[in-house]
Amino acid sequence: MPTPPTARARLPRRLVQLFVGLALYGVSLAMLLRAGLGLAPWDVLHQGLAEQLGTTIGQMLIAVSFVVLLLWIPLRERPGVGTIANALLVGVFVDLTLLWLDDAQAMAWRVGLLLLGVLLNGAATALYIGASLGSGPRDGLMTGLVRRTGRSVRLVRTVLEVSVLVVGWLLGGTVGVGTVLYAVAIGPVAHALLPVLTVRGTGRGDARGDASGVAETA
1145 MPTPPTARAR LPRRLVQLFV GLALYGVSLA MLLRAGLGLA PWDVLHQGLA EQLGTTIGQM
1205 LIAVSFVVLL LWIPLRERPG VGTIANALLV GVFVDLTLLW LDDAQAMAWR VGLLLLGVLL
1265 NGAATALYIG ASLGSGPRDG LMTGLVRRTG RSVRLVRTVL EVSVLVVGWL LGGTVGVGTV
1325 LYAVAIGPVA HALLPVLTVR GTGRGDARGD ASGVAETA
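And the structure:
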């Protein structure tokens, strides 16, 4: 289907919004890492794998992204520009941020990093989803499994995230209060900002609908 004229006209804004969102997502993840109080389930897995394999977390995030994209093939999911950009860039921004952001020592600083990191992560999520240029690799895996299995978004996402959380924890990833805070807060923060940050007239549906599954059990 041809791209609507309004979508073409707004493409520069959408691309800028996408890349700003992905950059902020990487920065926010680095903040959560330096806080050391717990990570989102997939990031617990990335951290655990990185410790076991001797890579950076950013490198492992990129590697896992492309492994997950391979799982899209039997699910017949189609990646967009945003999908590939997500897979390639978030890990880069994580590692760049970690180069200048030191581990937090004082508890007050660690809690501040955690809170700001979760809020920034929610805003970044709304930015890249609102650009409507393709879901992230992990989100696409979830929606593909929902469509193929007929199970609910809540069930599929819960099974996925509990599975990667357990594996990541067994590998040495950090699970803590930050993991719980992320699960509780990320959905409401992203959902509240999506109406403001969604680019209208893209011909790709309502990004809030796409995000509802992403945020529902995040």
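The sequence shown lines up with residues 1145 to 1362 when you count with this note's numbering.
Ideal Cβ positions, reconstructed from N, Cα and C, are used throughout, including at glycine.
In this text the structure is predicted, and so the values were computed from the model without any measurement.
Here's a check: name, in chain order, each residue in its chain whose Cβ is nearer than 6 Å to the Cβ of residue i, leaving out the five neighbours to either side.
i, result
"L1309", "P1185 and V1188"
"G1266", "I1330, V1333 and A1334"
CA-CA distance, residue i and residue j?
i, j, result
"L1213", "Y1326", "24 Å"
"L1277", "T1227", "7 Å"
"R1295", "A1270", "25 Å"
"L1233", "L1166", "7 Å"
"L1259", "V1340", "22 Å"
"E1305", "S1209", "15 Å"
"D1350", "Y1272", "Only weak support exists for where D1350 lies, its pLDDT of 43 falling under 50; the value from the coordinates is given anyway. Looking at the two C-alpha atoms, the distance is approximately 13 Å."
"L1159", "R1301", "27 Å"
"R1254", "G1202", "21 Å"
"L1183", "T1318", "6 Å"
"V1321", "A1250", "16 Å"
"Q1230", "L1162", "Reading off the sequence shown, one finds Asn at residue 1230, where the question assumed Gln. Rounded to whole angstroms, N1230 to L1162 spans 9 Å at the Cα level."
"G1256", "L1181", "11 Å"
"D1239", "P1156", "26 Å"
"A1248", "R1178", "6 Å"
"L1245", "T1200", "15 Å"
"V1324", "I1217", "32 Å"
Whose CA, out of the options, lies closest to the CA of residue i?
i, options, result
"L1219", "L1289, N1230 and Q1249", "L1289"
"D1222", "G1280, R1254, G1202 and G1317", "According to the sequence displayed, residue 1222 carries Arg and not Asp. The residue with the shortest Cα to Cα distance from R1222 is G1280."
Using a Cβ-Cβ cutoff of less than 7 Å, which residues in the same chain neighbour residue i once the five nearest sequence positions on both sides are dropped?
i, result
"S1172", "G1261, L1264, N1265 and A1268"
"L1215", "L1285"
Can you tell me which of the three DSSP states residue i falls into?
i, result
"A1362", "Residue confidence for A1362 is low, a pLDDT of 35 falling below 50, so the modelled location carries little weight and cannot support an answer."
"Q1196", "helix"
"T1342", "coil"
"D1187", "helix"
"R1295", "coil"
Spatial neighbours of residue i within its chain, please: C-beta separation below 8 Å, excluding the five flanking residues on both sides.
i, result
"V1093", "Outside the shown range of the chain (1145 to 1362) lies residue 1093, about which nothing can therefore be said."
"R1291", "L1219"
Practice task
Please confirm if the region 1306–1325 is in contact with the region 1189–1209, defined as three or more CB-CB distances below 8 Å between the two stretches.
Solution key: They touch, by the three-pair rule.
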